[in-house]
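Chemist: Going by the numbering used here, the sequence shown opens with residue 49, and the numbers climb by one from there.
Pasting a structure below so you can have a look.
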Amino acid sequence: MASGAPTTKPVSIAALVESDPVAAVERLHAALTRDPGNAPAHRLMGRALRKLGDVEAAEAAELAAIRATTQDPQMIGIAVALADGKLGEAETMLRQRLSQQPTDVAAIRLMAELAARIGRLGDSEKLLRRALELAPGFTAARANLANVLYKQSRYEEAAKVLDEVLERDPASPGNRNLMAATLGRIGDYDEALKLYGELTETFPDHAKLQMSYGHMLKTVGRQEEGVAAYRRALAVQSDLGEVWWSLANLKTVSFSDEDVAAMEAALAGEPAHEDALHLHFALGKAYADRRQAEPSFKHYERGNALRSEELGYDPQAITDQVDRMIAVLTPEFIAANKGVGDPTPDPVFILGLPRAGSTLLEQILASHSQVEGTMELPDIPAMAMREAKKSGGELRDWPDAVAEMPSERFAELGAEFLERTRVQRKTGKPFYIDKLPNNWSYAGFIHLILPNAKIVDARRHPLDCCFSNFRQHFAKGQGFSYSLDHIGRYYADYIRAMDHYDAVLPARIHKVIHEQLLDDPEAEVRALLAYLGLPFEDACMEFHRNERAVRTASSEQVRRPINRDGVGQWEPYRAWLGPLETALGDLPQTYAR
């Protein structure tokens, strides 16, 4: 057997990065001199330099890797597939690439984009955080993270991430636009408007910026300026459906014959899916204003069908949730958990169906010296769904979670809600409002975690309420509202749930029947304030003079005195409302009981 020095295997550069980063840098430098477009070598260089503490050079190497990756034919193919909406094809290619190059941050970012597009925002967030862990200077990924946080209604977090993004890239109109929208969501309207003003001055021909500016102006009650911004957007891009719908959604704009012709022409031009559904809803409103019920309904019907195709809403899910809630929240369960939540009395929850008068009630209460209005807060559903998943995965719902919850957890959740919503409180008033209508399906959860919070049920005649939902294109959510049958079933489940709460929580939830409020507003307002333990104030009857920001579909209606304009709007459409009437059964006669 031969003797001599033992043979040694050559050390891979990846291993050398860990064992001898100085030597790794030398070898990588030589490799990159030969091939400057070698993305894996740039990535390894970044890792080696970080181990040596040279953060600035490491970041430069990481960004060089990203730039090199964008020239890769496979990555170009993935980007094209994403742009063409071929998400399955893009996912297959991305998984293949990441199995071979798991630290390719550009590919990780594209996988995050894909996840966000199919609604898997949590997965998207995890991927983006991984990309930023590997390449902290990857500003595009950080901007994507801000967008994903915004879409999850985590506005404070989004604003902090955007601060970092804009520090690196202060001129980006897209990121500044997102910052303005985020500031609006956390109530910093002055800063948001200032930013939008600067953006639209710099980019006057950017239609979507003008539209976003219009949205914010509408929110703060500057309606004429908002309309002008929308019109500027249309002057740049006449087929931008969301702008036409935004004008219709003000409820105070009458479309001219020229407007209707422009919308019909835009529809005839084979617009994108989102533009088409917005145009149908806007034309439904335009023909309704002309008292032409048949073309109005046909456009509403088509717009709803287009939206429904995207959502795949299952009406049985809410029926099952109500069934489970009734089974869990028995009188015995309520008694056993009496008062175990956080005792703070500050929140006032206004709930019910959308388009049932909750914004009007909020505006009335927010005109009181002791009550602060906020907006539709996403926190209760987010917390309830999180607890459900923690208790057993996707197939569980909040009643299953609370059935197994230790009593101290209720108080923890109440305190968490108060902390999460602290950012919305801009004054020192003792009470503040959360008027997310869909919280009706979490009313029992609310009572358990905040037993001293007040809950107000805003209830409207089912045919008026449900048809108003059918006519409304919501910015997000409300999947039940795009089918007459689904709306009717949703309303019936809501009544079933509230009837149960009346039985197990007597006198704990205050009901305001919208039609009774219209008939005798002062009596209803006095009764509501008495329930809250507040003295009557004349300002509550002058709510339309309140200049607070309002973000909902009723934003302009609540800037007018109480009126009956919305009563009976379903009647001209009765010939087409059979599925709704069938789903409602006798509720049009019994809803106010």
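Using N, Cα and C, we set each Cβ at its ideal position, and we do this for glycine too.
Bear in mind the structure is a predicted one, so any value in this text is a computation, not a measurement.
Suppose the cutoff is 7 Å on Cβ atoms and the five residues either side in sequence are ignored; what does the same chain contact list for Leu130 look like?
Modeler: Residue mapping note: residue 130 aligns to position 82 of the sequence shown, counting from 1. Excluding sequence neighbours, Leu130 sits near Ala138, Leu158, Glu161, Leu162.
Chemist: Could you check whether Phe397 and Ala501 sit closer than 8 Å to each other, using their CB atoms as the reference points?
Modeler: Taking the sequence shown and counting its residues from 1, the one referred to as residue 501 is at position 453. Taking the sequence shown and counting its residues from 1, the one referred to as residue 397 is at position 349. A contact, by the Cβ cut-off of 8 Å.
Chemist: If you count every other CB in all the chains shown that lies within 10 Å of the CB of Lys333, and 16 or more means buried, which is it?
Modeler: Locating residue 333 in the sequence shown gives position 285, where the first residue counts as 1. By the 10 Å Cβ count, Lys333 comes out buried.
Chemist: Mind reading off the beta-carbon distance from Arg143 to Asp152? Whole number of angstroms is fine, and I expect it under 8 Å.
Modeler: On the sequence shown, residue 143 is found 95 positions in, with the first residue counted as 1. On the sequence shown, residue 152 is found 104 positions in, with the first residue counted as 1. Between Asp152 and Arg143 the Cβ distance is about 12 Å, and since that is not below 8 Å, they are no contact.
Chemist: Roughly how many angstroms separate the alpha carbons of Ala188 and Leu210, rounded to a whole number?
Modeler: For this step, residue 188 is matched to residue 140 along the sequence shown. For this step, residue 210 is matched to residue 162 along the sequence shown. Going by the C-alpha atoms only, they are around 11 Å apart.
Chemist: Where does Ala78 land, buried or exposed, given buried means 16+ other C-beta within 10 angstroms?
Modeler: The count along the sequence shown starts at 1 and reaches residue 78 at position 30. The residue is exposed, with fewer than 16 neighbouring Cβ atoms inside 10 Å.
Chemist: So Leu552 packs on Leu377, CB below 8 Å; how close in whole Å?
Modeler: As a working mapping, residue 552 is identified with position 504 in the sequence shown. As a working mapping, residue 377 is identified with position 329 in the sequence shown. Note that residue 552 corresponds to Val in the displayed sequence, not to Leu. The pair is a contact, with the Cβ atoms about 6 Å apart (cut-off 8 Å).
Chemist: Within 8 Å (strictly less), CB to CB, does Met373 reach chain D?
Modeler: This model lacks chain D altogether; it includes just one protein chain.
Chemist: Could you give the first and the last residue of the continuous beta strand (DSSP E) run that contains Leu288?
Modeler: The sequence position of residue 288 within the sequence shown is 240, counting from 1. No beta strand (DSSP E) contains Leu288, which DSSP labels as neither H nor E.
Chemist: Anyone know if the C-beta pair for Ala336 and Leu409 falls short of 8 Å?
Modeler: The residue given as residue 336 occupies position 288 in the sequence shown. The residue given as residue 409 occupies position 361 in the sequence shown. No, the pair does not count as a contact, with Cβ atoms beyond the cut-off.
Chemist: Are the CB atoms of Leu576 and His558 within a distance shorter than 8 Å?
Modeler: Within the sequence shown, the letter at position 510 stands for residue 558. Within the sequence shown, the letter at position 528 stands for residue 576. Yes, the Cβ-Cβ distance between His558 and Leu576 is below 8 Å.
Chemist: Can you list, in chain order, the residues of its chain whose CB lies under 7 Å from that of Met431, leaving out five sequence neighbours each side?
Modeler: Locating residue 431 in the sequence shown gives position 383, where the first residue counts as 1. Only Leu461, Glu464, Phe465 meet the Cβ criterion.
Chemist: Can you give the beta carbon distance from Arg224 to Leu241, rounded, assuming they're within the 8 Å contact cut?
Modeler: In the sequence shown, the residue the question calls residue 224 occupies position 176. In the sequence shown, the residue the question calls residue 241 occupies position 193. That belief does not hold up - the Cβ atoms of Arg224 and Leu241 are roughly 13 Å apart, past 8 Å.
Chemist: When you compare only the Cα positions, how much space is there between Ala89 and Ser260?
Modeler: Within the sequence shown, the letter at position 41 stands for residue 89. Within the sequence shown, the letter at position 212 stands for residue 260. Cα to Cα, the separation comes out at about 42 Å.
Chemist: Looking at C-alpha atoms only, which residue of Tyr542, Ser172, Gln637 is the closest neighbour of Asp371?
Modeler: Working through the sequence shown from its first residue, we reach residue 371 at position 323. Closest by alpha carbon: Tyr542.
Chemist: Since Pro569 is in the alpha helix (DSSP H), which residue starts that stretch and which ends it?
Modeler: Locating residue 569 in the sequence shown gives position 521, where the first residue counts as 1. From DSSP, the alpha helix (DSSP H) with Pro569 extends over 569–580.
Chemist: What separation, rounded to the nearest whole angstrom, lies between the Cα atoms of Asp238 and Val268?
Modeler: Numbered from its first residue, the sequence shown carries residue 238 at position 190. Numbered from its first residue, the sequence shown carries residue 268 at position 220. So the alpha carbons of these two residues sit roughly 9 Å apart.
Chemist: Can you tell me the Cα-Cα spacing of Gly633 and Arg537, whole angstroms?
Modeler: The residue you call residue 633 lines up with position 585 of the sequence shown. The residue you call residue 537 lines up with position 489 of the sequence shown. Cα-Cα distance, rounded: 10 Å.
Chemist: Using CA coordinates, which residue listed in Glu74, Asp512, Ser147 is at the minimum distance from Gln637?
Modeler: Within the sequence shown, numbered from 1, the residue matching residue 637 stands at position 589. Here the closest residue by C-alpha is Asp512.
Chemist: Who are Ala506's beta bridge partners in DSSP?
Modeler: Taking the sequence shown and counting its residues from 1, the one referred to as residue 506 is at position 458. Beta-bridge pairing links Ala506 to Gly400, Val560.
Chemist: Tell me whether Asp323 is buried or exposed, calling it buried when 16 or more other Cβ atoms sit within 10 Å of its Cβ.
Modeler: Looking up residue 323 in the sequence shown gives position 275. Classification of Asp323: buried, given that the 10 Å Cβ count is 16 or more.
Chemist: Write down every uninterrupted run of the alpha helix (DSSP H) in the segment 461–517 whose length is 4 residues or greater and which is fully enclosed by it, in chain order.
Modeler: Here the runs fully enclosed are 491–497.
Chemist: Could you give the distance in angstroms between the alpha-carbon of Pro319 and the alpha-carbon of Asp287?
Modeler: By 1-based counting over the sequence shown, the position of residue 319 is 271. By 1-based counting over the sequence shown, the position of residue 287 is 239. Using only the alpha carbons, I get a separation of about 7 Å.
Chemist: Taking the alpha-carbon positions, what's the Lys438 to Gly405 distance?
Modeler: Numbered from its first residue, the sequence shown carries residue 438 at position 390. Numbered from its first residue, the sequence shown carries residue 405 at position 357. Whole-angstrom Cα-Cα distance: 34 Å.
Chemist: Please go through the same chain and pick out, in chain order, the residues whose beta-carbon is closer than 7 Å to the beta-carbon of Trp292, but skip the five residues on each side of it.
Modeler: Locating residue 292 in the sequence shown gives position 244, counting from the first residue. Within the same chain, Trp292 has close Cβ partners Met311, His326, Leu327, Ala330.
Chemist: Between the segment 345–352 and the segment 414–422, are three or more C-beta pairs nearer than 8 Å?
Modeler: Judged by Cβ distances under 8 Å, the segment 345–352 makes no contact with the segment 414–422, as fewer than three pairs qualify.
Chemist: Scan the segment 409–460 and note each continuous alpha helix (DSSP H) run of 4 residues or more that stays entirely inside, going in chain order.
Modeler: Listed in chain order, they are 427–438, 446–451.
Chemist: I want to know whether the segment 358–375 touches the segment 479–486 - three or more CB-CB distances under 8 Å.
Modeler: As far as the Cβ criterion goes, the segment 358–375 does not touch the segment 479–486, which means the pair count is below three.
Chemist: Can you check DSSP and say which residues form a bridge with Pro150?
Modeler: As a working mapping, residue 150 is identified with position 102 in the sequence shown. Per DSSP, none; premise fails for Pro150.
Chemist: Classify Pro121 as helix, strand or coil using the three-state DSSP reduction.
Modeler: The residue you call residue 121 lines up with position 73 of the sequence shown. Residue state, collapsed to three classes: helix.
Chemist: Which one or two residues does DSSP pair with Pro395 in a beta bridge?
Modeler: Along the sequence shown, one-based indexing puts residue 395 at 347. Paired residue(s): Tyr480.
Chemist: Considering just the uninterrupted stretch of the alpha helix (DSSP H) at Ile535, what are its terminal residues?
Modeler: Position 487 of the sequence shown, counted from the start, is the residue given in the question as residue 535. Ile535 -> alpha helix (DSSP H) spans 532–552.
Chemist: At the level of alpha carbons, what is the spacing between Leu580 and Arg270?
Modeler: For the purposes of this step, residue 580 is taken as the residue at position 532 of the sequence shown. For the purposes of this step, residue 270 is taken as the residue at position 222 of the sequence shown. C-alpha separation (whole angstroms): 31 Å.
Chemist: Less than 8 Å between the CB atoms is what I'm expecting for Arg403 and Ser516, so what's the real figure, rounded?
Modeler: Walking along the sequence shown from the start, residue 403 turns up at place 355. Walking along the sequence shown from the start, residue 516 turns up at place 468. Confirmed, about 4 Å.
Chemist: In whole angstroms, give me the CA-to-CA distance for Thr56 and Ala87.
Modeler: Here the question's residue 56 lines up with position 8 in the sequence shown. Here the question's residue 87 lines up with position 39 in the sequence shown. Low confidence applies here, because Thr56 scores a pLDDT of 40, under 50, leaving its location unreliable and the question unanswered by this model.
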